[in-house]
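Asks: My questions will all concern the structure given below.
There are 2 protein chains.
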Amino acid sequence: MEGGAVQAELIAVLAAVTDGEPRVLTIGSGYALPSGPLEEGHRSLQTGLRAWVERQTHHPLGYVEQLYTFAGQLPGEARGISISYLGLTREAVTEYPGAEWHGWYEYFPWEDARQDRSAPYVAAILPRLRLWAGDDATRQARVEGLFGAEGWNEELVLQRYELLWQASLVPEARRAHAGEGGTVPGREMTHDHRRILATAIARLRAKIKYRPVVFELLPREFTMLDLQQTMEALAGQTLHKPNFRRLIEQQELVEETGKTTSGLAGRPAKLFRFRQAVLEERGVSGTKLPRVK
Amino acid sequence: MEGGAVQAELIAVLAAVTDGEPRVLTIGSGYALPSGPLEEGHRSLQTGLRAWVERQTHHPLGYVEQLYTFAGQLPGEARGISISYLGLTREAVTEYPGAEWHGWYEYFPWEDARQDRSAPYVAAILPRLRLWAGDDATRQARVEGLFGAEGWNEELVLQRYELLWQASLVPEARRAHAGEGGTVPGREMTHDHRRILATAIARLRAKIKYRPVVFELLPREFTMLDLQQTMEALAGQTLHKPNFRRLIEQQELVEETGKTTSGLAGRPAKLFRFRQAVLEERGVSGTKLPRVK
DNA sequence: TCCTTTTATACTCATGGTGAGTATAAGTCT
DNA sequence: AGACTTATACTCACCATGAGTATAAAAGGA
Chain A
1 MEGGAVQAEL
11 IAVLAAVTDG
21 EPRVLTIGSG
31 YALPSGPLEE
41 GHRSLQTGLR
51 AWVERQTHHP
61 LGYVEQLYTF
71 AGQLPGEARG
81 ISISYLGLTR
91 EAVTEYPGAE
101 WHGWYEYFPW
111 EDARQDRSAP
121 YVAAILPRLR
131 LWAGDDATRQ
141 ARVEGLFGAE
151 GWNEELVLQR
161 YELLWQASLV
171 PEARRAHAGE
181 GGTVPGREMT
191 HDHRRILATA
201 IARLRAKIKY
211 RPVVFELLPR
221 EFTMLDLQQT
231 MEALAGQTLH
241 KPNFRRLIEQ
251 QELVEETGKT
261 TSGLAGRPAK
271 LFRFRQAVLE
281 ERGVSGTKLP
291 RVK
Chain B
1 MEGGAVQAEL
11 IAVLAAVTDG
21 EPRVLTIGSG
31 YALPSGPLEE
41 GHRSLQTGLR
51 AWVERQTHHP
61 LGYVEQLYTF
71 AGQLPGEARG
81 ISISYLGLTR
91 EAVTEYPGAE
101 WHGWYEYFPW
111 EDARQDRSAP
121 YVAAILPRLR
131 LWAGDDATRQ
141 ARVEGLFGAE
151 GWNEELVLQR
161 YELLWQASLV
171 PEARRAHAGE
181 GGTVPGREMT
191 HDHRRILATA
201 IARLRAKIKY
211 RPVVFELLPR
221 EFTMLDLQQT
231 MEALAGQTLH
241 KPNFRRLIEQ
251 QELVEETGKT
261 TSGLAGRPAK
271 LFRFRQAVLE
281 ERGVSGTKLP
291 RVK
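If you read the sequences in order, they're chains A and B.
Going by my numbering, the first residue of the first sequence is number 1, and it counts up by one from there.
Going by my numbering, the first residue of the second sequence is number 1, and it counts up by one from there.
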């Protein structure tokens, strides 16, 4: 009845958006995510996570949600379980040696589709994937569906990374099954940390569409443009300004503070704040089914 | 650097819909979910889960997705981590002793809002929750938001269960902090298995709205009514027939088989099958943001 | 045989959200 | 003062959705 005991590793993807760039908190010069094993003293998984992030980066942890759990084969030692989390914050002013913020898109340059910034990367990747697919119709369909010109779906971050992995086009894959030829641009990470980051980005891109989590990344007061640019940074997509505004207003997510910006070019913008009340009111409908009565 | 080793427990919520009733596979006469510790031989978490479910219930596992991971304090022994999964299948014809299918709504009678079946339960629960809330405005808001007459949100299954737990109205809570007074109708489960079931129901209710997972629960060929009733069983809501049909058709989720039903009362219904192609075509848009260009 | 019952399927109509684009307001900068 | 820049307001066509009604095609009983 007694199963084998395992090590439990807690891994954090801590995200922020600064100056319109989404960033992630790393250690080891951008090569790893903050992480450490669950210990005796930790009363819960989140407690353990908080402890490790604060020890390694001295950065406080705000909003946190669980991402995914999987069994990893720690080479040599006993097997381990990795439990990953996504956290949202704003970058602290003070820096801590060893901890660095890096742009998401250093790791996934092909994911930033704002004004076609990703275009050259995708153009370089596609022929190599097509070569890999060869005559295999299933592979071809996946390649075109994920990287093809028809309707880029920004939520499929993980699927795209895994495809590159399988095609041996990322360095991490080489460590597993030695491949031939070169790899694709994009910063590498240890173990499967880059896969975890991809999971985090995908989750966040999906979530901002139906839950008001963006506000965790913004200061207390912000302009419509701040809000829009933060969304665009996360989604990796440019948004239609008037319609974005209308969307936010009709959902009553924000309220005016009465203040405006000044000193910048152009007409001063109103400052808004998030309406905390939404969190209670909204059980979020998310309906889609034609209820009766 | 060496953290405390832990036990990893794998827990499965295996769901099916039979004759318009959503059901869950249990052991111990409906008192527990299939589960067991991760062992040396298991190559992945899902492998381990499959092994345990098949050993305890002899039921095959089809579509599976991860639910949640948390640290539980197994009393006495070393601490443990519980990793829960949701699986979707059809009930096998052969039965295995010790394994039983039970209706979801035996465990959560207040969640079945089809033609007001839940009404008497909600009516009985509400005054007791209001009593518990007392003058506390935060508590009152939660009670009314979750159980109140205004817009029942079928996705908040977990939140409702947790509220009842905190109010000490479910037997499981009594084991933790002894409470006074009676409990509310609804079958009890061991440990936090009922909480896990609530998580599974909530996840599935959310997911059927944007991913074609219902078809995992249906036979290969089915009528529109079969499909609708399966959805209704999961959502715990009655749906508008013409609009439901239109929704399915415009999304091109199914195709006609050419066959029809016969022998039953009323006009024969066309038989449909799921269009497997959707799984490839659709990266599922889920858009909501006003993209530009 | 015909009529009732039952279920399936097809239509109608008003409404509101969404995509796309244009027009005006109100500041800085030169 | 005029050019420039950004913010904000408005328009219009279209389509998905909520709600309800009408017709089709079988079974079953009088």
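Backbone N, C-alpha and C define an ideal beta-carbon position, used for all residues, glycine too.
Among B/P34, B/S29, B/G80, B/R275, which one has its Cα closest to the Cα of B/A250?
Replies: Sequence check: residue 250 of chain B is Gln here, not Ala. That would be B/R275, whose Cα lies nearest to the Cα of B/Q250.
Asks: Taking the straight line between their C-alpha atoms, what separation do you get for A/L86 and B/A176?
Replies: About 30 Å.
Asks: Residues of chain A with a CB under 8 Å from the CB of B/S44: which are they?
Replies: F70, A71
Asks: Tell me which same chain residues have a C-beta within less than 7 Å of the C-beta of A/M1, skipping the five on either side of it?
Replies: Confidence in A/M1 is poor, its pLDDT being 42 and thus under 50, which makes the residue's placement unreliable; the coordinate value appears in the next sentence. Excluding residues within five positions, none has a Cβ falling inside 7 Å.
Asks: May I ask you to verify whether the stretch 183–203 of chain A touches the stretch 131–140 of chain A, counting CB pairs closer than 8 Å and requiring at least 3?
Replies: A contact is defined here as three or more CB-CB pairs under 8 Å, and the stretch 183–203 of chain A fails this definition with respect to the stretch 131–140 of chain A.
Asks: Select from B/P127, B/L247, B/Y96, B/L217 the residue whose C-alpha is nearest the C-alpha of B/T230.
Replies: With distances taken between Cα atoms, B/T230 lies closest to B/L217.
Asks: Which residues mark the beginning and the end of the alpha helix (DSSP H) in which A/F147 is found?
Replies: 137–147
Asks: Can you tell me whether B/R187 is helix, strand or coil according to DSSP?
Replies: coil
Asks: Applying a beta-carbon distance threshold of less than 9 Å, which residues of chain A neighbour B/Q237?
Replies: L289, R291, V292
Asks: Can you have a look at B/S118 and say buried or exposed, based on whether 16 or more other CB atoms are within 10 angstroms of its CB?
Replies: buried
Asks: Report the option in B/I125, B/H240, B/Y161, B/L227 whose CA atom is closest to the CA atom of B/A269.
Replies: B/L227
Asks: Taking only three categories from DSSP, how would you classify A/G36?
Replies: strand
Asks: Which chain B residues are close to A/A51, counting only those with a beta carbon under 9 Å from its beta carbon?
Replies: Neighbours of A/A51 on chain B: none; closest Cβ ~11 Å, over 9 Å.
Asks: Short check: CB of B/L271 to CB of B/E221, under 9 Å?
Replies: yes
Asks: How should B/Q56 be labelled, buried or exposed, when 16 other C-beta atoms within 10 angstroms of its C-beta is the threshold for buried?
Replies: buried
Asks: Give the C-beta separation of B/R90 and B/A198 to the nearest angstrom, bearing in mind that I take them to be a contact with Cβ-Cβ under 8 Å.
Replies: At roughly 23 Å, the Cβ-Cβ gap does not stay under 8 Å, so B/R90 and B/A198 are not in contact.
Asks: Shortest alpha-carbon distance to B/G294 belongs to which of B/V213, B/P242, B/G236, B/A32?
Replies: Only positions 1 to 293 of chain B appear in this structure, which leaves residue 294 of chain B out of reach.
Asks: Answer with yes or no whether the minimum CB distance from B/M1 to chain A is below 9 Å.
Replies: A caution first: B/M1 carries a pLDDT of 42, below 50, which makes its placement in the model too unreliable to give a value.
Asks: Using a C-beta cutoff of 9 Å, does A/F244 count as contacting chain B?
Replies: yes
Asks: Going by C-alpha to C-alpha distance, which of B/R174, B/A12, B/A235, B/K259 sits closest to B/V64?
Replies: Among B/R174, B/A12, B/A235, B/K259, the Cα nearest to that of B/V64 belongs to B/A12.
Asks: According to DSSP, what are the bridge partners of A/V24?
Replies: A/A15, A/H102
Asks: List the residues of chain B that A/V6 touches, going by C-beta distances under 7 Å, in chain order.
Replies: A5, V6, A8, L38
Asks: Is DSSP giving A/Q250 helix, strand or coil here?
Replies: helix
Asks: Determine which residues of the stretch 127–144 of chain A have a Cβ less than 7 Å from any Cβ of chain B, and write them out in chain order.
Replies: A141
Asks: Please compile the residues from chain B whose C-beta is within a distance smaller than 7 Å of the C-beta of A/E280.
Replies: What A/E280 touches in chain B: A141, G145.
Asks: Residues of chain B with CB under 9 Å from A/I81, in chain order?
Replies: V6, A8, L38, L45, T69, I81, I83
Asks: Return the CA-CA distance between B/S262 and B/Y161, expressed in angstroms with no decimal places.
Replies: 43 Å
Asks: Helix, strand or coil for A/I201 per DSSP?
Replies: helix
Asks: Following the continuous beta strand (DSSP E) through A/A71, name the residue where it begins and the one where it ends.
Replies: 63–72
Asks: Please work out which residues of its chain come closer than 8 Å, Cβ to Cβ, to B/T190, disregarding the five sequence neighbours upstream and downstream, and give them in chain order.
Replies: For B/T190, the CB contacts under 8 Å within the same chain, skipping 5 residues up- and downstream, are G28, Y31, A32 in chain order.
Asks: Less than 8 Å between C-beta atoms, sequence neighbours within five positions excluded: which residues of the same chain meet that for B/T69?
Replies: If we look at B/T69 and ignore the five residues flanking it on each side, its Cβ neighbours are I81, S82, I83, S84.
Asks: Whole angstroms are fine: how far does the CA of B/A137 sit from the CA of A/A277?
Replies: 14 Å
Asks: Just mark A/A167 as buried or exposed, buried being the case when its beta carbon has 16 or more other beta carbons within 10 Å.
Replies: buried
Asks: Does B/H240 come within less than 9 Å of chain A when only Cβ atoms are used?
Replies: yes
Asks: So, B/L88 versus B/L14, is the Cβ gap smaller than 9 Å?
Replies: yes
Asks: Using a cut-off of 7 Å between C-beta atoms, extract the partners of B/L227 located in chain A.
Replies: In chain order: nothing, as chain A lies at least about 12 Å away.
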